[in-house]
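Right, one structure below, let's go through it.
Chains as they are written, first to last, in the numbering used here: chain R, 94 to 456; chain U, 94 to 456.
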């Protein structure tokens with residue numbers, strides 16, 4: 094199948110680029126003796142997860158139990174749910190998986206740890222716990238000053254195995270000077286955290302962090318020994334704008350068709366917010382909803398559910414109803430969540446088609 | 094099943110409110126002799142579409158062929174694809190449906206009309222066409238001044254049945270004085286359009302318009318004889334803020350669980366952009382990503398994929414990890430697209446659960 098035969102809108106992945114990205118990060122982790130436990134939220138596909146494991150990943154990371162269930166088909170030896178698992182039914186489902194792989198959960202409340210401990214006891218399992226610590230994003234995680242007391246409270250509960258600490262430094266952006274300063278601060282803060290825990294007899298075996306934007310600076314955070322990047326497999330306009338990759342490293346685009354040229358100076362694409370999500374750039378720049386690969390002077394100004402509005406006033410060429418265009422999306426993870434399948438392409442030919450098995454797994 | 098037993102995040106629909114909304118618009122259409130061809134993009138479920146048909150809707154509206162395929166299980170006598178259908182494969186799929194129901198397509202280009210005519214001829218079908226005319230939204234649709242010439246060009250093509258004109262006045266917001274002025278302007282513009290076509294011997298049998306925000310003003314647009322509202326079945330924060338419904342008319346909410354309270358003055362919900370979409374309010378007001386029904390003083394400030402950030406500084410009560418909250422979403426159509434199923438609730442008890450069969454049908 095050729096690109097032109099794909100029904101649009103559709104996610105197209107350049108397999109050469111994807112494979113290079115996978116290999117590159119696997120090598121980086123190996124070179125710096127970092128455990129790689131990639132977050133599967135980006136690709137949401139066991140078939141890609143399996144490739145990550147085959148390249149040396151020690152396990153997989155997911156956010157939701159539903160994603161964990163899907164990822165079992167990749168047969169990971171180790172699975173981290175980097176999200177508080179709250180509620181009896183979810184914990185029942187998680188315990189059903191614990192018979193088949195080594196499960197760890199990141200927790201930031203005694204309530205969550207208690208529920209996890211109860212479920213593990215009931216099912217006669219032992220479950221790993223990572224203490225989630227907030228290093229500045231102000232999302233989840235206990236304050237570093239409370240880490241020792243929190244860890245003690247959690248480890249008093251039976252059937253939990255102390256695995257260490259987890260953090261998500263998603264607030265660090267590397268596109269300017271402030272990025273390296275933030276990395277240095279993070280390194281100091283993580284070292285203090287580990288020192289505090291060690292002094293209390295709670296030396297963390299795993300110190301887990303690392304998101305894609307600051308990925309290649311992980312080895313500058315001395316105490317870190319694990320990274321959980323997700324986006325690196327494809328990259329997107331966010332990682333590009335954040336200075337963490339080049340255009341040649343962007344593997345995924347959305348193939349669209351021009352469906353209307355009725356308004357002068359404007360084309361309508363058959364992909365809107367249901368195709369691209371409404372995510373703007375993470376840098377905050379008002380730069381539209383994507384970049385047309387072959388017409389960077391076009392501006393993707395607006396989205397409705399099924400309509401992408403592109404201002405083509407500045408383009409030198411004309412666009413015709415029926416022609417295809419490729420668009421680099423702002424945020425690839427949420428785009429994958431909107432698509433049933435992905436077309437893997439090499440040299441302009443569709444080589445494989447895979448389902449986004451974990452899309453929409455919210456629970 | 095009680096609300097508290099639902100695994101979150103989940104869409105919950107109050108069946109009493111939904112049924113009242115369905116009946117109310119059915120009666121409005123009947124009272125004003127307007128054909129009702131509801132857009133199924135909001136509920137994306139044949140089970141709800143069937144109820145609309147049973148209440149007197151003349152047919153159904155969809156945007157994509159994939160949605161049309163799903164809606165066939167509601168057994169509509171009539172199906173409008175209010176979107177340009179471009180490309181051989183999509184048209185093949187559409188023609189497969191044309192044997193089972195009366196198909197109409199809205200077109201705004203001769204290219205689209207040509208492709209449709211060719212497909213219809215090949216399959217020995219006759220397909221209805223509505224000429225899409227732009228009445229001010231500047232999305233799709235030919236300019237009113239070009240409507241006569243465009244209609245002539247389209248009707249020269251074989252196997253197409255002239256059904257009339259379609260428009261989508263989605264730019265009209267009814268929350269202030271400018272709304273009624275816009276309705277009056279629209280009424281004059283539509284009358285001129287119909288007069289022009291009639292004078293050219295092209296009197297449109299159907300004059301189709303109407304979105305939910307201006308729904309109850311449709312009878313003020315004299316020449317209109319069909320409406321295609323979608324959102325009215327559930328309503329949402331947009332229709333509420335646009336002044337088109339009251340809180341008591343909002344049938345759908347997202348049930349979430351508080352999963353972290355680690356940051357002072359903040360709670361984290363288990364629903365982020367994968368649950369709510371990133372859609373802000375259509376009015377442009379910076380009022381967050383939803384409203385907590387039982388804590389309107391809370392501010393839903395930020396979304397990440399799986400995390401909803403809610404500022405609870407102004408709340409008088411405390412929130413605990415594990416408790417459920419209900420959130421009125423900004424834009425219900427895109428929320429439905431993100432969920433596998435919907436819980437229909439009456440008197441606090443889950444009465445039915447239905448699948449969102451047409452979610453993710455992008456092609």
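Glycine included, each C-beta is placed from N, C-alpha and C at the ideal position.
Here the structure is a predicted model, which means the values were calculated and not measured.
Reduced DSSP category for residue 299 of chain U - H, G, I as helix; E, B as strand; rest coil: Taking the second chain and counting its residues from 1, one reaches residue 299 of chain U at position 206. Secondary structure at residue 299 of chain U: strand, using DSSP grouped into helix, strand and coil.
8 Å Cβ shell around residue 208 of chain U - same chain, five flanking residues per side excluded: Working through the second chain from its first residue, we reach residue 208 of chain U at position 115. Only 178, 179, 180, 181, 184 meet the Cβ criterion.
Buried versus exposed, by CB contacts within 10 Å (16 or more), residue 145 of chain R: On the first chain, position 52 is the one that residue 145 of chain R refers to. Residue burial is scored here from C-beta neighbours: residue 145 of chain R has at least 16 other C-beta atoms within 10 angstroms and is therefore classed as buried.
Assigned exposure category for residue 407 of chain U - 16 Cβ within 10 Å defines buried: Taking the first residue of the second chain as 1, we reach residue 407 of chain U at position 314. Counting Cβ neighbours within 10 Å, residue 407 of chain U comes out exposed, since fewer than 16 surround it.
Local Cβ density within 10 Å of residue 306 of chain R, reported as buried at 16 or more and exposed below that: Reading the first chain from its first residue, position 213 is the one you call residue 306 of chain R. Here residue 306 of chain R is buried, its C-beta having at least 16 other C-beta atoms within 10 Å.
For residue 105 of chain R and residue 346 of chain R, believed in contact at Cβ under 8 Å, the rounded distance: Counting from one through the first chain, the residue named residue 346 of chain R turns up at place 253. Counting from one through the first chain, the residue named residue 105 of chain R turns up at place 12. So it is a contact: roughly 6 Å between Cβ atoms.
Spatial distance of residue 155 of chain R from residue 359 of chain R (CA atoms): Here residue 155 of chain R refers to the residue found at position 62 of the first chain. Here residue 359 of chain R refers to the residue found at position 266 of the first chain. Cα-Cα distance, rounded: 40 Å.
Beta bridge counterpart(s) of residue 445 of chain U as assigned by DSSP: Counted from its first residue, the second chain places residue 445 of chain U at position 352. Checking the DSSP bridge columns, you'll see residue 445 of chain U partnered with U:437.
Chain-ordered neighbours of residue 431 of chain R on chain U, where CB pairs are closer than 9 Å: Mapped onto the first chain, residue 431 of chain R falls at position 338. The contacting residues are 430, 431, 453, 455.
DSSP-derived helix/strand/coil call for residue 408 of chain R: Translated into the one-based positions of the first chain, residue 408 of chain R becomes position 315. It is coil, neither helix nor strand.
Any C-beta of chain R under 8 Å from that of residue 399 of chain U: On the second chain, residue 399 of chain U is found 306 positions in, with the first residue counted as 1. Residue 399 of chain U counts as touching chain R.
Partner residues on chain R for residue 355 of chain U, Cβ-Cβ distance less than 7 Å: Locating residue 355 of chain U in the second chain gives position 262, where the first residue counts as 1. In chain order: 201, 202, 227, 233, 234, 235.
Simplified DSSP assignment, three categories, for residue 281 of chain U: As a first step, residue 281 of chain U must be located in the second chain, where it is residue number 188. In the structure shown, residue 281 of chain U adopts helical secondary structure according to DSSP, grouped into three states.
Residues of the segment 356-375 of chain R with Cβ closer than 8 Å to any Cβ of chain U, in chain order: Only 356, 359, 361, 363, 364, 366, 367, 368, 370, 371, 372, 373 from the segment 356-375 of chain R bring a Cβ to less than 8 Å from some Cβ of chain U.
Straight-line gap, residue 447 of chain R to residue 429 of chain R (C-alpha atoms, nearest Å): Residue mapping note: residue 447 of chain R aligns to position 354 of the first chain, counting from 1. Residue mapping note: residue 429 of chain R aligns to position 336 of the first chain, counting from 1. So the two alpha carbons sit approximately 12 Å from each other.
Short Cβ contact (8 Å threshold) for residue 412 of chain R with residue 420 of chain R: To locate residue 412 of chain R, count along the first chain from 1; it is residue 319. To locate residue 420 of chain R, count along the first chain from 1; it is residue 327. Their beta carbons are not under 8 Å apart, which means residue 412 of chain R does not touch residue 420 of chain R by this criterion.
Close beta carbons around residue 424 of chain U, own chain, < 7 Å, minus the five adjacent residues each side: Sequence index remark: in the second chain, residue 424 of chain U carries index 331 (1-based). Cβ within range, chain order: 329, 331, 370, 372.
Identified DSSP bridge partners for residue 320 of chain R: For the purposes of this step, residue 320 of chain R is taken as residue 227 along the first chain, with counting starting at 1. Its beta-bridge partners are R:129, R:302.
DSSP-derived helix/strand/coil call for residue 249 of chain R: Position 156 of the first chain, counted from the first residue, corresponds to residue 249 of chain R. Shown here, residue 249 of chain R sits in coil according to DSSP, grouped into three states, outside any helix or strand.
9 Å Cβ cut-off: residues of chain U touching residue 297 of chain R: Position 204 of the first chain, counted from the first residue, corresponds to residue 297 of chain R. Ordered by position in chain U, no residue passes the 9 Å Cβ test against residue 297 of chain R, which lies about 18 Å from the chain.
Start-to-end residues for the alpha helix (DSSP H) that takes in residue 454 of chain R: By 1-based counting over the first chain, the position of residue 454 of chain R is 361. Here residue 454 of chain R belongs to no alpha helix (DSSP H), and DSSP marks it neither H nor E.
Other residues of its chain near residue 137 of chain R: CB distance less than 6 Å, five sequence neighbours each side excluded: Position 44 of the first chain, counted from the start, is the residue given in the question as residue 137 of chain R. For residue 137 of chain R, where only same-chain residues beyond five positions count, the Cβ hits under 6 Å are 429, 449, 451, 452.
Whether residue 376 of chain R touches residue 228 of chain R by CB criterion (8 Å): Along the first chain, read from residue 1 onward, the residue named residue 376 of chain R stands at position 283. Along the first chain, read from residue 1 onward, the residue named residue 228 of chain R stands at position 135. No; because the gap between Cβ atoms is not below 8 Å, this pair is not in contact.
Residue 350 of chain U at chain R interface by Cβ criterion, 8 Å: By one-based count along the second chain, residue 350 of chain U stands at place 257. Taking a beta-carbon distance threshold of 8 Å, residue 350 of chain U counts as an interface residue toward chain R.
Residue 176 of chain U (DSSP reduced to helix, strand or coil): Here residue 176 of chain U refers to the residue found at position 83 when the second chain is read from its first residue. If DSSP states are grouped into helix, strand and coil, residue 176 of chain U belongs with coil.
Min CB distance residue 157 of chain U to chain R below 8 Å: Counting from 1 along the second chain, the entry for residue 157 of chain U is found at position 64. At a cut-off of 8 Å between beta carbons, residue 157 of chain U contacts chain R.
Spatially closest choice to residue 167 of chain R from R:161, R:143, R:176, R:388, by CA coordinates: For this step, residue 167 of chain R is matched to residue 74 along the first chain. The residue with the shortest Cα to Cα distance from residue 167 of chain R is R:143.
Residue 224 of chain U, DSSP secondary structure in three states: Counted from its first residue, the second chain places residue 224 of chain U at position 131. Residue state, collapsed to three classes: strand.
Of the listed residues R:381, R:437, R:148, nearest to residue 117 of chain R (C-alpha basis): Taking the first chain and counting its residues from 1, the one referred to as residue 117 of chain R is at position 24. Cα-wise, what sits closest to residue 117 of chain R is R:148.
Residue 103 of chain R, enclosing beta strand (DSSP E) - first and last residue: One-based indexing of the first chain puts residue 103 of chain R at position 10. Start and end: 103-107.
Outcome for residue 221 of chain U when other beta-carbon atoms lying within 10 angstroms are tallied against a minimum of 16: Numbered from 1 along the second chain, position 128 holds the residue referred to as residue 221 of chain U. Buried: at least 16 other Cβ atoms inside 10 Å.
Straight-line Cα distance separating residue 299 of chain U from residue 388 of chain R: Here residue 388 of chain R refers to the residue found at position 295 when the first chain is read from its first residue. Here residue 299 of chain U refers to the residue found at position 206 when the second chain is read from its first residue. Distance between the alpha carbons of residue 388 of chain R and residue 299 of chain U: 39 Å.
Identity of the residues DSSP links to residue 504 of chain R by a beta bridge: Lying before the first or after the last residue shown, residue 504 of chain R is absent from chain R, which here runs from 94 to 456.
Residue 401 of chain U in three-state terms, based on DSSP: On the second chain, residue 401 of chain U is found 308 positions in, with the first residue counted as 1. If DSSP states are grouped into helix, strand and coil, residue 401 of chain U belongs with the strands.
C-alpha distance - residue 231 of chain R paired with residue 206 of chain R, whole-angstrom precision: As a working note, residue 231 of chain R is residue 138 in the first chain. As a working note, residue 206 of chain R is residue 113 in the first chain. Near 20 Å, if we compare the C-alpha coordinates of residue 206 of chain R and residue 231 of chain R.
Chain U contacts from the segment 149-178 of chain R (Cβ-Cβ distance under 8 Å): From the segment 149-178 of chain R, only 156, 157, 176, 177 have a Cβ closer than 8 Å to chain U.
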